[in-house]
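The structure appears right after this line, and notes come after that.
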Amino acid sequence: MSVVGIDLGFLNCYIAVARSGGIETIANEYSDRCTPACISLGSRTRAIGNAAKSQIVTNVRNTIHGFKKLHGRSFDDPIVQTERIRLPYELQKMPNGSAGVKVRYLEEERPFAIEQVTGMLLAKLKETSENALKKPVADCVISIPSFFTDAERRSVMAAAQVAGLNCLRLMNETTAVALAYGIYKQDLPPLDEKPRNVIFIDMGHSAYQVSVCAFNKGKLKVLATTFDPYLGGRNFDEVLVDYFCEEFKTKYKINVKENSRALLRLYQECEKLKKLMSANASDLPLNIECFMNDLDVSSKMNRAQFEQLCASLLARVEPPLKAVMEQANLQREDISSIEIVGGATRIPAVKEQITKFFLKDISTTLNADEAVARGCALQCAILSPAFKVREFSITDIVPYSITLRWKTSFEDGTGECEVFCKNHPAPFSKVITFHKKEPFELEAFYTNLREVPYPDPRIGNFTIQNVFPQSDGDSSKVKVKVRINIHGIFSVASASVIEKQNIEGDQSDVPMETETSFKNESKDDVDKMQVDQEEGGHQKCHAEHTPEEEIDHTGTKTKSGLSEKQERLNQNIKKGKVKSIDLPIQSSLCRQLGQDLLNSYIENEGKMIMQDKLEKERNDAKNAVEEYVYDFRDKLGTIYEKFITQEDLNKLSAILEDTENWLYEEGEDQPKQVYMDKLQELKKYGQPIQVRYMEHEERPKALNDLGKKIQLVMKVIEAYRNKDERYDHLDPAEIEKVEKHISEAMSWLNSKMNAQNKLSLTQDPVVKVSEIVAKSKKKLLFSKVKLVYTTKTGIKTIPKEKKCKKSKCLSGEALQIAVKRREAKSKGEKKDISI
Numbered sequence: 001m002s003v004v005g006i007d008l009g010f011l012n013c014y015i016a017v018a019r020s021g022g023i024e025t026i027a028n029e030y031s032d033r034c035t036p037a038c039i040s041l042g043s044r045t046r047a048i049g050n051a052a053k054s055q056i057v058t059n060v061r062n063t064i065h066g067f068k069k070l071h072g073r074s075f076d077d078p079i080v081q082t083e084r085i086r087l088p089y090e091l092q093k094m095p096n097g098s099a100g101v102k103v104r105y106l107e108e109e110r111p112f113a114i115e116q117v118t119g120m121l122l123a124k125l126k127e128t129s130e131n132a133l134k135k136p137v138a139d140c141v142i143s144i145p146s147f148f149t150d151a152e153r154r155s156v157m158a159a160a161q162v163a164g165l166n167c168l169r170l171m172n173e174t175t176a177v178a179l180a181y182g183i184y185k186q187d188l189p190p191l192d193e194k195p196r197n198v199i200f201i202d203m204g205h206s207a208y209q210v211s212v213c214a215f216n217k218g219k220l221k222v223l224a225t226t227f228d229p230y231l232g233g234r235n236f237d238e239v240l241v242d243y244f245c246e247e248f249k250t251k252y253k254i255n256v257k258e259n260s261r262a263l264l265r266l267y268q269e270c271e272k273l274k275k276l277m278s279a280n281a282s283d284l285p286l287n288i289e290c291f292m293n294d295l296d297v298s299s300k301m302n303r304a305q306f307e308q309l310c311a312s313l314l315a316r317v318e319p320p321l322k323a324v325m326e327q328a329n330l331q332r333e334d335i336s337s338i339e340i341v342g343g344a345t346r347i348p349a350v351k352e353q354i355t356k357f358f359l360k361d362i363s364t365t366l367n368a369d370e371a372v373a374r375g376c377a378l379q380c381a382i383l384s385p386a387f388k389v390r391e392f393s394i395t396d397i398v399p400y401s402i403t404l405r406w407k408t409s410f411e412d413g414t415g416e417c418e419v420f421c422k423n424h425p426a427p428f429s430k431v432i433t434f435h436k437k438e439p440f441e442l443e444a445f446y447t448n449l450r451e452v453p454y455p456d457p458r459i460g461n462f463t464i465q466n467v468f469p470q471s472d473g474d475s476s477k478v479k480v481k482v483r484i485n486i487h488g489i490f491s492v493a494s495a496s497v498i499e500k501q502n503i504e505g506d507q508s509d510v511p512m513e514t515e516t517s518f519k520n521e522s523k524d525d526v527d528k529m530q531v532d533q534e535e536g537g538h539q540k541c542h543a544e545h546t547p548e549e550e551i552d553h554t555g556t557k558t559k560s561g562l563s564e565k566q567e568r569l570n571q572n573i574k575k576g577k578v579k580s581i582d583l584p585i586q587s588s589l590c591r592q593l594g595q596d597l598l599n600s601y602i603e604n605e606g607k608m609i610m611q612d613k614l615e616k617e618r619n620d621a622k623n624a625v626e627e628y629v630y631d632f633r634d635k636l637g638t639i640y641e642k643f644i645t646q647e648d649l650n651k652l653s654a655i656l657e658d659t660e661n662w663l664y665e666e667g668e669d670q671p672k673q674v675y676m677d678k679l680q681e682l683k684k685y686g687q688p689i690q691v692r693y694m695e696h697e698e699r700p701k702a703l704n705d706l707g708k709k710i711q712l713v714m715k716v717i718e719a720y721r722n723k724d725e726r727y728d729h730l731d732p733a734e735i736e737k738v739e740k741h742i743s744e745a746m747s748w749l750n751s752k753m754n755a756q757n758k759l760s761l762t763q764d765p766v767v768k769v770s771e772i773v774a775k776s777k778k779k780l781l782f783s784k785v786k787l788v789y790t791t792k793t794g795i796k797t798i799p800k801e802k803k804c805k806k807s808k809c810l811s812g813e814a815l816q817i818a819v820k821r822r823e824a825k826s827k828g829e830k831k832d833i834s835i
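Using full-length UniProt numbering, read the sequence shown as starting at 1 and increasing by one per residue.
Set out below in structure tokens:
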């Protein structure tokens, strides 16, 4: 089983894999460990990754990139509309109201949901990892920004399903970095000591995230996280682009923003210039040839000027740092180190802002580009039962506070409860007890919309069905478990009703505990609510099992971790005095993809993969024809020149030239079978020439080998005829048979070679190398004689490990050992002799 970690970045993606030797970042087919988050669609096939990036300028309208921020958002979302201005391709409103892209694929306009687009990219990353590992890949951990909401997280999970991946966890990027940092540390403080606090700062291409984490031996706990979702490396690129657009407008009288292709080229050059300025403080040139309207443009920029232009962006670096310290209740002296990752943290001015705030040097011990992927791979290995990993518990946090709202029986009344506060530990579950007589609905939403970079605070509605009153007419106690799961997604996991059992003579032993309601609750005692149960912890396997803890309104607990009330209730359930009945839950989640729609996306992805495979086979068949034409024509003028007549040469050259012209004209776009037939037709003319050449080159060696074997046998026969005592054990009848076969072989060889020598090189050979090799390996020729003879110094065998039937002599190694033992015995030596 293989497990991988995927850093699903805005600009680039990285794949890390857990192997027995540790964590390794794998390379794609271009030997590049970085795969661009880019998909280009064409008339016949798709290009994904590096191949698609090269088409950003040439295939502007159909090359999709920068789509990460569109996950889980409606088309009318302000963020989508802002991104729409930046993107050169067209966005479209999907039937469910979400944002999609409209491109031309297979000669027709087609809309694709963001889940499909990301699914294409993930499928490519899956293929890359499978090619590198030489085995199937299914389980993975995918990174996402810590500020992603429920809708965005569910959208990424759907994209993983489209790609055929089993996502074990959606992991916050800064948490993945923290895991990659902490799991290898051998000097972390013990659990009973003060933890080591480390700040992790990740500024990538599109977002800025800060987390503070507490480390103990075998334990990681995220204390707080802050972010600026609208600050990243691309904002610094935009500052340069805007500056040069204005300069070119004045200097060259051109409006770059009206030309998509020119604007994309300028973005690429500005990104290169930004990276160069991080290493050089002097003036650096910007030169672009044939930029727009056949004009060559040039300018220059230095680091001081760049930092002055980006002053407003640099001012946004400090507020998240200050906020994370306040949320974690820490001072600067409590921080052990500051780790930075992400491409934009290489900007000297950004580093300077961070150092200035913390008053200490920053650390760059982690790989700025690959740390997220490595952390994800480590988490995947921890979650997978196939790997044994050092015990390391990970506690993440909830980025936004979440509140539940429900209707009460009081006229137009509603109840509310904040079930998860900001920076609450996750994964985590709570059980809420309601007293209800009928089904009811819970509405989950984000408490403080100002903190959420999302225009809609709703998470979803959950209807608890089949609630009924007790037999005596009282309200039923309904326990509802709400959960922030391992992916950071909120859900109502389960609901159950506690039903009293009518047991004669024992009614007094069935206590239904009275519970204190919240002060803002309705006066009607039917609608009481209390948070009863909490559970939290680290998941070690696929199943989400966490230790349970029952908490009542007094906060008392039993030794087992359960409240006295819950222990009493559990005992009553065991005794049959009360019964717990599971209730069905109907969920309606904001921006949730329907299963039918998701299945259609999965099916479409399979069809596109098959189309890509067929197109690749078609192109390979076409390339095979083209390669054969060029290769054979080159050899006709060199090594094949002696093996073809002038007439045939002229004819074949004309055929090759016609084929070449056909390839670039009507043969440009033909089915695979047409190319295969064309190749077979060419081989019909070229194969005889190739055979003549190969036979001429290999025939001398084959003849030499056969001649040596004949000479060897002839020497043995001659020695036998001369009464050589070494061959006394041979059978005279066998020797006669061998002589006959040798005579026949020599006659065959002489006749064939005489006939072959009369032919020219342009004629087909009389005898083939395969026939000569077959003769030399023929058993009837050489296996009749057991060429085993004794010498005074030892045993020689030809061939090895044969045993003579008449003399019963040993063969090979055993016979050599026997002779050496005999010699040792004659010399008076007693030690054992072996080879």
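The beta carbon of each residue, even a glycine, is placed where N, CA and C say it ideally should be.
Own chain residues within Cβ distance below 6 Å of residue i, not counting five before or after
i: K479; result: V431, T433 and S496
i: A51; result: none
i: K481; result: S429, V431, A493 and S494
Residue range of the alpha helix (DSSP H) that includes residue i
i: T364; result: T364 -> no alpha helix (DSSP H), and no H or E assigned at all.
i: K272; result: S260 to A279
i: I56; result: From DSSP, I56 is part of no alpha helix (DSSP H); its letter is neither H nor E.
i: D631; result: Q595 to L636
i: A99; result: Where A99 is concerned, there is no enclosing alpha helix (DSSP H), although the beta strand (DSSP E) it sits in stretches over A99 to Y105.
i: V239; result: G233 to K251
i: A495; result: Taken as a continuous stretch (DSSP letters only), A495 belongs to no alpha helix (DSSP H), being part of the beta strand (DSSP E) at F490 to K500.
i: C380; result: A371 to L383
For residue j and residue i, the rounded distance between their alpha carbons
i: A160; j: P671; result: 33 Å
i: I710; j: Q690; result: 30 Å
i: M694; j: F632; result: 14 Å
i: G488; j: E83; result: 25 Å
i: S299; j: A315; result: 27 Å
i: residue 836; j: Y181; result: Residue 836 lies beyond the range of the chain shown here (1 to 835); nothing can be said about it.
i: I717; j: S747; result: 18 Å
i: R346; j: Y230; result: 18 Å
i: L70; j: A344; result: 22 Å
i: T447; j: T403; result: 6 Å
i: A47; j: L41; result: 6 Å
i: D369; j: V341; result: 7 Å
i: V452; j: I464; result: 28 Å
i: Y640; j: D764; result: 13 Å
i: I644; j: I742; result: 36 Å
In DSSP terms, what residue i is bridged to
i: M171; result: S143
i: C38; result: H65
i: A47; result: S40
i: A16; result: G5 and T25
i: N166; result: D139
i: R196; result: F215
i: C417; result: L404
i: Y208; result: M203 and D228
i: E443; result: R405 and N461
Residues of its chain near residue i, where Cβ-Cβ distance is below 7 Å and the 5 sequence neighbours each way are ignored
i: S588; result: G460 and N461
i: K806; result: Bear in mind that a pLDDT of 42 at K806, under 50, signals an unreliable position, so the number given afterwards is only what the model happens to contain. Taken in chain order, the residues that qualify are H729 and D731.
Endpoints, beta strand (DSSP E) assigned at residue i
i: E339; result: I335 to V341
i: H424; result: Per DSSP, H424 belongs to no beta strand (DSSP E) and is neither H nor E.
i: R483; result: S476 to I484
Close beta carbons around residue i, own chain, < 8 Å, minus the five adjacent residues each side
i: Y727; result: V716, A719, Y720 and Y789
Under 8 Å: do the segment 76–86 and the segment 123–131 share three or more Cβ pairs, one atom per stretch? In this structure the segment 76–86 does not touch the segment 123–131; the number of beta carbon pairs closer than 8 Å is below three.
Could you say if the segment 374–394 and the segment 17–24 meet the contact criterion of at least three C-beta pairs nearer than 8 Å? Yes, the segment 374–394 is in contact with the segment 17–24.
Take every Cβ of the segment 112–120, pair it with every Cβ of the segment 148–164, and state whether three or more of those distances are shorter than 8 Å. Touching, yes, given that three or more Cβ pairs across the two stretches are closer than 8 Å.
Taking three-plus beta-carbon pairs below 8 Å as touching, is the segment 179–195 in contact with the segment 304–324? The answer is no - the segment 304–324 does not touch the segment 179–195, with fewer than three Cβ pairs under 8 Å.
Tell me whether the segment 276–293 and the segment 253–264 touch, counting them as touching only if at least three CB pairs, one residue from each stretch, are closer than 8 Å. The answer is yes - the segment 253–264 touches the segment 276–293, with three or more Cβ pairs under 8 Å.
Within the chosen definition, does the segment 202–212 reach the segment 169–179 through at least 3 CB pairs nearer than 8 Å? Output reads yes: the segment 169–179 touches the segment 202–212.
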